[in-house]
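Numbering follows this note's numbering, with no gaps: position 60 of the sequence shown is 162. Heads up, the beta-carbon is just placed ideally off N, CA and C, and yes, glycines get one too. First comes the structure, then the notes that go with it.
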Amino acid sequence: MHGKIGLQLAALTLALAVGLPGLTPSYAQTQGSERRQDRRDDRGDARDTRQDARQDSRATKAECKKGDEKSRAECRQDKRNTKQDARENAREIKKD
Numbered sequence: 103m104h105g106k107i108g109l110q111l112a113a114l115t116l117a118l119a120v121g122l123p124g125l126t127p128s129y130a131q132t133q134g135s136e137r138r139q140d141r142r143d144d145r146g147d148a149r150d151t152r153q154d155a156r157q158d159s160r161a162t163k164a165e166c167k168k169g170d171e172k173s174r175a176e177c178r179q180d181k182r183n184t185k186q187d188a189r190e191n192a193r194e195i196k197k198d
């Protein structure tokens, strides 16, 4: 009796291992997850834009301080303007 049950169990296991028609692996890729990934990419691009602007603004201020044409306050304002422009560009990246 135990041998017959064992044989049936082995046959069932073999049938499942071989695979039943229609049981193919599927992916849970939905429109929502695609949109989330797009937003992640957009946020990453916006972050890169802001980080690049930080370096650019430091360079702008350093160049401004080397020259004697502008005061420290004017150099600081140039740096702020550079960073603000980058923030606006980052917002535009996230909107698209």
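Buried/exposed call for residue i, threshold 16 Cβ in 10 Å
i: Ser173; result: exposed
i: Thr132; result: exposed
i: Thr151; result: buried
Near the ligand GTP: residue i beta-carbon under 6 angstroms from a heavy atom
i: Ala188; result: Here there are no bound small molecules, and the ligand GTP is not part of this structure.
Presumed contact (8 angstroms Cβ cut-off) between residue i and residue j, rounded CB distance
i: Ala148; j: Ala175; result: About 29 angstroms; that fails the 8 angstroms criterion.
i: Arg142; j: Lys163; result: Going by Cβ atoms, the distance from Arg142 to Lys163 rounds to 32 angstroms, so no, they are not a contact pair.
Which listed residue (the options) has its alpha carbon closest to that of residue i
i: Thr184; options: Arg156, Arg142, Arg141; result: Arg156
i: Glu194; options: Gly134, Lys168, Ala117, Gly146; result: Gly146
Cutoff 8 angstroms; reference residue i; Cβ partners in own chain excluding five residues on either side
i: Asp154; result: Ala188
Close-in-space but distant-in-sequence residues of the same chain around residue i (CB under 6 angstroms, 5 per side omitted)
i: Ser159; result: Lys181, Thr184, Lys185
Residues near residue i in its chain [Cβ-Cβ closer than 7 angstroms; skip 5 each side]
i: Asp140; result: none
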